[in-house]
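Okay, structure first, notes after.
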Amino acid sequence: MNLCIVGTGYVGLVTAACFAEMGNNVHCVDINPAVINKLQEGIIPIYEPGLEQIVVRNRDDGRLNFTTNLAEGLKDALFVFNCVGTPPKDDGSSDLSYVYQVAADIGDLIEDYLIVINKSTVPVGTADEVRRIISGKLQARGMKIDFDVVSNPEFLKEGDAVNDFMKPDRVVVGSDNIRTAKLMEALYAPFARSRDKLITMDIRSAEMTKYAANCMLAAKISFINEIANICEKVGADVNDIRRGIGADHRIGYHFIYPGIGYGGSCFPKDVKALISTAKAQDYNPELLESVDLVNNRQKLRLAGKIVAHFDSQPNLNNKCIAVWGLAFKANTDDIRESPSIAMIETLKAKGFKIRAYDPEAGENARALFENQSGIQIVDDQYETLEGADALAIVTEWNQFRNPDFTKIKKQLKAPVIFDGRNLYSSSLMFDLGYTYFSIGR
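Below, the structure written as structure tokens:
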């Protein structure tokens, strides 16, 4: 099939590459010439395991093309996926200006029947507005062309997005047209060979499903973090509790890892957006507001432990904290809403110096902290330790799970570790002579 993907960000590029991998002809459109030029050269602007190989292979085979010209992308296309960004506004609602601009451009250019698919995470009712915009443009052109609007939300995890797309748990399609739903089923058939994964529903329910899914997962994270904080007060071990409750199949083990909160481009934005949607309908979403509140507090939990430990010591301005991890999670270079960034900014405001490392997010962090004295981003995890007063573990990269503890102890001024991801055994740290702080233990 011939597809047009508008937007070459995280969602758009993964979507384009995976559809091309299944034999479709895909045109990927972006208004940024620099991004398109790099993609044409096989240079990927984001880090996502497995993505570069698929992009380069399908570009070389001629199934994946990149352009700044939407008309070129729409030529012969049956499907156009709207994958542009929906950044949060100051009030927490989603900025839909890019989504609506793409709709307007499609309305100006459409020449034949087209299925317009909202892949970006958008509030309930967005598809109705997209349909209205395109219809208005066609009316202004004096043309009557049939088209359909579909909601097909993405459920991709950063760090495992290619696998999620190629082997999805489910494919949600919101449509008010049986023919369109069948065409979507045919498009996704190669990704559902073992069982039927397509779940069809009305458009507004599909739009709501994405928010409900992300808010549910965010709620599980905030719940286990709340339990962890209570455990510290009463002398319980949250890791034992996690095993005890996770064995209940109604709860399960997924997303109940205690830590220092969620981040990234999805959970924080989507929780706030659904809160905004609810309030716009005169409903007060108290649970969702609590999820957001607990998470914002949890992001500063490790910083609070660090400040409390050193508070009785003089000359905080001379204290240096080594930080392992800058990305909001492992296997990505994304630092948006990262707990590590929140912690670093808090510690810097208290007078601490920071020396940090991340396997993939270092360059993004350098750009963020450019020209800020007291924050140094280095290229080796052990380089952070030399002369530092303590080590803070913030992102759960595999290479941090079993480090050289003898080397760490030798390079730090004092054997002090603040573990925001509970990577290490408390008893092992005690036996090795470390002062060890973790979450909920």
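According to this note's numbering, the sequence shown holds residues 1 to 441 in order. No residue lacks a Cβ here, since even glycine has one placed at the ideal position from N, Cα and C.
- Per DSSP, Gln376 is one residue of the beta strand (DSSP E) stretching across 375-377.
- Assignment of beta-bridge partners to Arg301 by DSSP yields no partner.
- Distance from Val29 to Leu3 at the Cβ level is roughly 11 Å; contact not present, criterion being Cβ atoms closer than 8 Å.
- Per the coordinates, the alpha-carbon of Gln298 lies some 13 Å from the alpha-carbon of Thr346.
- Scanning the region 360-400 for uninterrupted alpha helix (DSSP H) segments of 4 residues or longer gives 362-368, listed from N- to C-terminal end.
- For the pair Arg59 and Ala189, the Cα-to-Cα distance works out to about 22 Å.
- Across the structure, Ser151 and Ile44 are spaced so that their CA atoms are roughly 27 Å apart.
- According to DSSP, residue pairing for Tyr436 in a beta bridge involves Ile417.
- Between Glu360 and Ala327 a beta carbon distance of about 6 Å is seen, short of the 8 Å cut, so the two are scored as contacting.
- Spanning the alpha carbons of Gly433 and Ser426 requires a straight line of approximately 11 Å.
- Residue state for Lys220 is assigned as helix, using DSSP reduced to three classes.
- Listed in chain order, the non-local C-beta contacts of Ile203 below 8 Å within the same chain comprise Ala127, Asp128, Val149, Val150, Ser151, Gly174, Ser175, Asp176, local neighbours out to five positions each way being set aside.
- Non-local C-beta neighbours of Pro415 in its own chain, meaning closer than 8 Å and more than five positions away in sequence, comprise Ile408, Lys409, Leu432, Gly433, Tyr434, Thr435, ordered along the chain.
- For Asp169, there is no enclosing beta strand (DSSP E), since its DSSP letter is neither H nor E.
- Put simply, the region 247-266 touches the region 218-230. At least three CB pairs are less than 8 Å apart.
- Here Val394 is near Val323, since their CB atoms are less than 8 Å apart.
- Going by beta carbons, Thr384 and Asp270 fall outside the 8 Å limit.
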